[in-house]
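Data block below; observations after.
Number of protein chains: 2
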Amino acid sequence: MSKEHGVMGARERARTEITASIKAEARRQLASEGPAKLSLRAVARELGLVSSALYRYFPSRDDLLTALIVDAYDALGAAAEAALESSRTAPAPARWSAVCAAARTWALAHPQEYALIYGSPVPGYAAPQATVVPASRIGLALIAVARDAHRAGRLALPRVPGDLLPEARRMSADFAPDLPPSVAVTLVAAWSQLFGLISFELFGQFNRVVEAPEAFFAHAVHRLGREVGLLDTGRGGAAN
Amino acid sequence: MSKEHGVMGARERARTEITASIKAEARRQLASEGPAKLSLRAVARELGLVSSALYRYFPSRDDLLTALIVDAYDALGAAAEAALESSRTAPAPARWSAVCAAARTWALAHPQEYALIYGSPVPGYAAPQATVVPASRIGLALIAVARDAHRAGRLALPRVPGDLLPEARRMSADFAPDLPPSVAVTLVAAWSQLFGLISFELFGQFNRVVEAPEAFFAHAVHRLGREVGLLDTGRGGAAN
DNA sequence: GTCTATAACGAGATAGAC
DNA sequence: GTCTATCTCGTTATAGAC
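Chains as they are written, first to last, in my numbering: chain A, 1 to 240; chain B, 1001 to 1240.
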């Protein structure tokens, strides 16, 4: 850390600045060439540096990729959390839709970074542990909607077949301790289905199929919230 | 076409054989390097040919990619259609599950080809018209399940908000003329959500989250079928 | 200590002459 | 179809500037 005036000395400031410009240029290349062709040399060239200089900032190409991935997960997570926060007083289904819409909006605004985290795995790259927590933020935002609804008694509990019960219990214990097991499974399914909707729109599968993506997404996501058990009206709730 | 005995002359036979071996080698490279790095030269080298020879079979790298994409869509579609056919007499929800499970099974068996068609778009590659029909086969299989259920009066009609009605009507007219508009929208959503489930499993998003993927998938897909309106018991049906 | 530049490696792609 | 000269790449060792 800095030992004198300010939170950051000149050295650190320069370092974070250069780190940021490396990532910015790398993101530019992601858009044009794709993650598989991300090249340290090309990034350095564009920045007027020599390739070996980059190793002061990222020990390897994979570490640069990891930084981009972590940033993308964090940006998506932050967008989802902002929607969660600003819809704090809204009814559960509206909050659900707000968080889902925030995810879609971020994805549409950052297609390359979205593809980096939710598209095909990069050949030869294995995501390290460091990506796990940032990756979980969007899921935790969805869980928070259900948790708050559950606390307010506005969550209907879905039924889960017997053979899934152990799995459901483990899920609930692992990452949603304040939610019933049946909700945990349904949430995980809804989470993946949400990204199915976003990926299809972003990756072109909806071309010539969906022509009003905004309205279509809103409706699909609203039904997803119903599947999870989010109740719109008054004091809801159900047995089990 | 062949001008003499048999359906295929020696020349044509050799040609299709070489074409097949080129595609087989290209698929091998898909697995190790990813679609972005597919290189005609590398394929030729591995086959003991010179790169210019490949151009007699595929005029460009993009044409080879297109052939692989068409093959993948066709293989997936054929798997889905086989499940559709062999479950002809089963109740609608079972057929739905069978078709979905066939898609997942094919994807798990051919992860590279799955990533090619449902993963990130390949930078610089634009899918030509030739891919449209093969790509639609899996969707048409899902539509067939709903159509047959509808004919048998075992399809409940979901409600669709007013602002989606024009879109729903267009969808129904465009590719599911024998289904009510509300079912068409719901089917499109379910279609994308099915591939959300498959992609998350295949691309590693379910690592440390889902530990019994088979049972989880079966349950999620069963609920998807319910969302579409497929009715299990006796003579179902609903108004609207 | 912190950085950048030079040079080099081994591997692979690429373009063109023949 | 072959060969060669020239690119690219990730990565490292080293030397010198601040």
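Ideal Cβ placement from N, Cα and C applies to all residues, glycine included.
Counting only runs of 3 or more residues that sit fully inside the stretch 141 to 213 of chain A, no beta strand (DSSP E) segment turns up. Within the stretch 1217 to 1231 of chain B, H1219, A1220, R1223 and E1227 place their CB atoms closer than 7 angstroms to a CB of chain A, listed in sequence order.
Within the stretch 1088 to 1121 of chain B, complete alpha helix (DSSP H) segments of at least 4 residues are found at 1092 to 1109 and 1111 to 1118, given in chain order.
Close partners of D1163/B in chain A (Cβ separation under 9 angstroms): A212, A215, A218 and H219. Per the DSSP secondary-structure output, L230/A pairs in a beta bridge with L155/A.
Setting aside the 5 residues that flank it on each side, S1172/B is surrounded in the same chain by L1179, P1180, P1181, V1183 and A1184, each with a C-beta closer than 8 angstroms to its C-beta; the list follows chain order. Ranked by Cα distance from G1229/B, the options F1195/B, E1025/B, T1105/B and R1151/B are led by R1151/B. The Cβ-Cβ distance between V1099/B and A1080/B falls below 9 angstroms.
The beta-carbon of W1191/B is placed less than 9 angstroms from the nearest beta-carbon of chain A. Interface residue (Cβ-Cβ distance to chain A less than 9 angstroms): S1032/B is classified as such. Linking L231/A to A1141/B through their CA atoms gives a straight-line distance of about 33 angstroms. Per the C-alpha coordinates, the member of W1106/B, M1008/B, V1050/B and L1157/B positioned closest to D1074/B is W1106/B.
For F58/A, no CB of chain B lies under 9 angstroms from its own CB, so it is not counted at the interface with that chain.
Rounded to whole angstroms, F1195/B and L1187/B show a C-alpha spacing of 13 angstroms.
Not one beta carbon of chain B lies nearer than 9 angstroms to the beta carbon of V145/A. Cα atoms of H110/A and I198/A: separation of roughly 12 angstroms, rounded to the nearest angstrom. Here the stretch 110 to 124 of chain A makes contact with the stretch 1028 to 1042 of chain B; the two share three or more CB pairs at distances below 8 angstroms.
In the three-state scheme derived from DSSP, where H, G and I count as helix and E and B as strand, S1039/B is classed as coil.
In the DSSP annotation of this structure, S52/A is not part of any alpha helix (DSSP H), being labelled neither H nor E. For Q1129/B, there are no neighbours in chain A by C-beta distance under 8 angstroms, as the nearest C-beta there is about 10 angstroms away. Under the 9 angstroms criterion on CB atoms, D178/A is classed as non-interfacial with respect to chain B. A direct Cα-Cα distance of roughly 30 angstroms separates E113/A from V1133/B. Nearest in C-alpha terms to L116/A, of all of V209/A, L49/A and L202/A, is L202/A.
The C-beta distance from L40/A to L54/A rounds to 5 angstroms, short enough to meet the 8 angstroms contact threshold.
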